[in-house]
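Enquirer: One structure, as structure tokens, below. Some questions next.
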DNA sequence: TGGAGACCATGCAATCCTGCATGGCATGGC
DNA sequence: GCCATGCCATGCAGGATTGCATGGTCTCCA
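This is the structure:
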């Protein structure tokens, strides 16, 4: 094959179905995707895609090379992983995928310590619940509230984080104080946009807000805190965040907090990479030192 | 990984050990190989090669990605093969015009490989020097020792084939050994009926037989080989044929063989049809694999 | 010892590729 | 109907990549 890179374009187009979407994921212009895929078809002498009204659909020929192409992708990832594993330098970028609360409470403080010793290590923190694929190397490291099981991933428990319901002082003054377990009918809720799927402990916390009206939905933790702090409603926050903000009060100060385990996920091959090892060590140190705060 | 194609360069350099050799195999300038491999190293953040006096040697990091890179290569081959296999037109007859020696040494072995994968492809091999007109579609493909220039034909060099003078052991025992360049007066020659017009290197070989008596003339290579093997005279044969027959000996074993380039000629617009592409690929694979044998 | 041959680094010019812009074509909401 | 949105084809200009040329190092061999 003249140009292996064409397979990368082929695969992405097969997944994205349109030139435009594939181009965005590949970070090139869509004309480039079209041209390279056409060239690939010409080279192979086979029509790989049917141009239908709803996008590019694989032909039989395209379908029949898909598996091999994915195999190739897997090997490409392997190449990358092993190269990364061989890299002992304490410099370069580490990409971390984490829930925003974990990013705030764990990753950034850990990074601050790490930066003192190794200023060459850069962090690319991708918060949000969108599950970046560690296996496909969309991130080097992930912090998750629910551990995935799969293949070559190394998983370890970092800490457990406390969550509780918070409201602003004046919100609590203006509303009839809720009773534990009695529901929040008549209350306003500040909700995270996407649910923390797969974290049962956390689910039980948000479930208790079910009866409340959703006054605010946001997909940014900062907005969430501000919403609660501004008296817009009751919200579930990590204790790190809630306790640190003087404007916030726990709704049930006497109840124990909800604990959710935080898991570190990393690909087996990159565990030896210098900068990644260093960051993992910093994360663990941070979790040890701040265990009390994190657990609430 | 930003550019999968870099892996192809990496692998080739790992095998070839020098930029120059790798570049020749990849059909690019060696500066390109150097630059792309360097870029790859930069991207991975790992030094893959040690630049030693005797070429590029894999570092530990390079060694550790080699297996995955080879895996990737295997998948690339799979992609290609399935694309070929998926083309529904991979059946029917391909008509090939070739000199008998090329047919024997290249076309038939290539066809054997091809037949494993695509048993529905049939070959119609028309040997002989009569120039079938590709342009007029008297054949789909031609293998020639002299490239025609004309219009819509696609021409590429397949390999170079070695020719040498052969005789049987007992013929050599019975005759005064000829001296290189001194002519063959008093010898018997086994000649191909029609001359290889247009292949100067070959002409020089047969020219040296000018002084010999023509003991046998034949227009079949099989007859030619048999004639030489039976001690009827000295004949110019491809090294493939001559070296493979235990009854034959090179007349001048110490002289380098005469090399004649073998050209593949195909009409531009049939280049894309599946069965023809498949055969071309098989021909090229055969020439690559058997290059040493073909060159003598 | 010196010259040929093989190899590699670097500067520069031509080429190829990419991205942008325009325009055409669908779909869907108002 | 009409506009907004999303998609793709094609022409064109800028820029990245390539190949070539020069110059240097090393080895081998006469």
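Residue numbers (this note's numbering), protein chains in the order written: chain U, 1 to 296; chain D, 1001 to 1296.
Here a beta-carbon is modelled for each residue, glycine too, at the ideal position from N, C-alpha and C.
Quick one: is residue 258 (chain U) buried, meaning 16 or more other Cβ sit within 10 Å of its Cβ, or exposed?
Expert: Residue 258 (chain U) is buried by the Cβ-count criterion.
Enquirer: For residue 1179 (chain D), does the three-state DSSP call read helix, strand or coil?
Expert: Residue state, collapsed to three classes: coil.
Enquirer: With a cut-off of 8 Å, does the C-beta of residue 1195 (chain D) fall near any C-beta of chain U?
Expert: The predicted model places residue 1195 (chain D) with a pLDDT of 48, which falls under 50 and marks its position as unreliable, so this point remains unresolved.
Enquirer: Excluding sequence positions up to five away, which residues of its chain have a Cβ less than 6 Å from the Cβ of residue 1030 (chain D)?
Expert: Here the set comprises 1019, 1020, 1023.
Enquirer: Assuming residue 84 (chain U) and residue 270 (chain U) form a contact by the criterion Cβ under 8 Å, report the distance between their Cβ atoms to the nearest whole angstrom.
Expert: The Cβ separation is near 5 Å, so the contact holds.
Enquirer: Give the straight-line distance between the Cα atoms of residue 1094 (chain D) and residue 1208 (chain D), rounded to the nearest whole angstrom.
Expert: Going from the Cα of residue 1094 (chain D) to the Cα of residue 1208 (chain D) covers about 37 Å.
Enquirer: Could you name the residues that DSSP lists as bridge partners for residue 1250 (chain D)?
Expert: In the DSSP output, where bridge partners are listed per residue, residue 1250 (chain D) has D:1166.
Enquirer: Give the straight-line distance between the Cα atoms of residue 278 (chain U) and residue 112 (chain U), rounded to the nearest whole angstrom.
Expert: Going by the C-alpha atoms only, they are around 12 Å apart.
Enquirer: Compare the C-alpha of residue 221 (chain U) against each of U:101, U:140, U:210 and name the closest.
Expert: Residue U:101 is the option with its Cα nearest to residue 221 (chain U).
Enquirer: Could you please tell me which residues of the stretch 1062 to 1078 of chain D, in chain order, have their CB closer than 7 Å to any CB of chain U?
Expert: Residues 1064, 1065, 1068, 1069, 1071, 1072, 1075, 1076, 1078.
Enquirer: Rounded to whole angstroms, what is the Cα-Cα separation between residue 195 (chain U) and residue 1014 (chain D)?
Expert: In this prediction, residue 195 (chain U) has a pLDDT of 48, which is less than 50 and means its spatial position is unreliable; what the coordinates show is noted afterwards. Taking the straight line joining both Cα atoms gives about 49 Å.
Enquirer: Quick check: the stretch 1031 to 1047 of chain D against the stretch 52 to 60 of chain U, are there 3 or more CB pairs under 8 Å?
Expert: Touching, no.
Enquirer: Within 8 Å (strictly less), CB to CB, does residue 1007 (chain D) reach chain U?
Expert: Yes, residue 1007 (chain D) lies at the interface with chain U (some Cβ there is under 8 Å from its Cβ).
Enquirer: Indicate whether at least one CB of chain D lies closer than 8 Å to the CB of residue 14 (chain U).
Expert: Not one chain D Cβ lies under 8 Å of residue 14 (chain U).
Enquirer: Alpha helix (DSSP H) containing residue 952 (chain D): first to last residue?
Expert: Chain D is shown from 1001 up to 1296; residue 952 (chain D) falls before or after that span and cannot be answered.
Enquirer: Under 8 Å between the Cβ atoms of residue 262 (chain U) and residue 127 (chain U)?
Expert: No, these two residues do not count as a Cβ contact at 8 Å.
Enquirer: Just the chain D side, please: which residues come within less than 9 Å of residue 263 (chain U) by C-beta, in chain order?
Expert: What residue 263 (chain U) touches in chain D: nothing, since even the nearest Cβ is about 27 Å away.
Enquirer: For residue 10 (chain U) and residue 1168 (chain D), I'd like the C-alpha separation in whole angstroms.
Expert: About 57 Å.
Enquirer: For residue 1082 (chain D), count neighbouring Cβ atoms within 10 angstroms of its own Cβ and tell me buried if that reaches 16, exposed if not.
Expert: Buried.
Enquirer: Taking Cβ to Cβ, would you say residue 165 (chain U) is nearer than 8 Å to residue 107 (chain U)?
Expert: No, the pair does not count as a contact, with Cβ atoms beyond the cut-off.
Enquirer: Does the Cβ of residue 238 (chain U) have 16 or more other Cβ atoms within 10 Å, making it buried, or fewer, making it exposed?
Expert: Per the 10 Å Cβ criterion, buried.
Enquirer: Does residue 82 (chain U) get closer than 8 Å to chain D when you measure Cβ to Cβ?
Expert: Yes - at least one Cβ of chain D is within 8 Å of the one on residue 82 (chain U).
Enquirer: Leaving out five residues on either side along the sequence, give the residues of the same chain with a beta carbon under 6 Å from the beta carbon of residue 1247 (chain D).
Expert: The residues are 1168, 1229.
Enquirer: Is the separation between the beta-carbon of residue 275 (chain U) and that of residue 92 (chain U) shorter than 8 Å?
Expert: Going by C-beta atoms, residue 275 (chain U) is nearer than 8 Å to residue 92 (chain U).
Enquirer: Strictly under 8 Å for the Cβ-Cβ distance: is residue 1222 (chain D) near chain U by that measure?
Expert: Taking Cβ atoms only, chain U never reaches closer than 8 Å to residue 1222 (chain D), which makes this a no.
Enquirer: What span of residues does the beta strand (DSSP E) with residue 42 (chain U) cover, start to end?
Expert: Careful: residue 42 (chain U) lies outside any beta strand (DSSP E), inside the alpha helix (DSSP H) at 30 to 44.
Enquirer: If you follow the beta strand (DSSP E) that residue 49 (chain U) is part of, which residue opens it and which one closes it?
Expert: 49 to 52 is the span of the beta strand (DSSP E), which, as asked, contains residue 49 (chain U).
Enquirer: With 8 Å set as the bound, which would you pick, yes or no: does the beta-carbon of residue 1044 (chain D) sit closer than that to a beta-carbon of chain U?
Expert: Chain U, which has a Cβ nearer than 8 Å to the Cβ of residue 1044 (chain D), makes this yes.
Enquirer: Pull up the CB-CB distance for residue 1216 (chain D) and residue 1232 (chain D), whole angstroms please, since I reckon it's below 8 Å.
Expert: The Cβ separation is near 5 Å, so the contact holds.
Enquirer: Give a yes or no on whether 8 Å exceeds the smallest Cβ distance from residue 87 (chain U) to chain D.
Expert: Judged by the 8 Å Cβ criterion, residue 87 (chain U) is in contact with chain D.
Enquirer: Over the uninterrupted beta strand (DSSP E) stretch that includes residue 121 (chain U), give me the two end residues.
Expert: Counting along the chain, the beta strand (DSSP E) containing residue 121 (chain U) begins and ends at 121 to 127.
Enquirer: Going by beta carbon distance, what residues of the same chain come within less than 7 Å of residue 197 (chain U), once the five residues before and after it are set aside?
Expert: Per-residue confidence for residue 197 (chain U) stands at a pLDDT of 45, beneath the threshold of 50, marking its modelled position as unreliable; the derived number appears in the next sentence. Counting only Cβ-Cβ distances below 7 Å, and skipping sequence neighbours, we find nothing.
Enquirer: What in chain D is Cβ-close to residue 3 (chain U), meaning under 7 Å?
Expert: Residues of chain D passing the Cβ test: 1005.
Enquirer: Assuming residue 143 (chain U) is part of the alpha helix (DSSP H), what are its boundary residues?
Expert: Note, residue 143 (chain U): premise wrong, no alpha helix (DSSP H); beta strand (DSSP E) at 141 to 144.
Enquirer: Pull up the distance between the alpha-carbon of residue 1190 (chain D) and that of residue 1184 (chain D), whole angstroms please.
Expert: Their Cα atoms are separated by approximately 12 Å.
Enquirer: Of all the CB atoms in chain U, is at least one closer than 8 Å to the CB of residue 1277 (chain D)?
Expert: Output row for residue 1277 (chain D): interface = yes.
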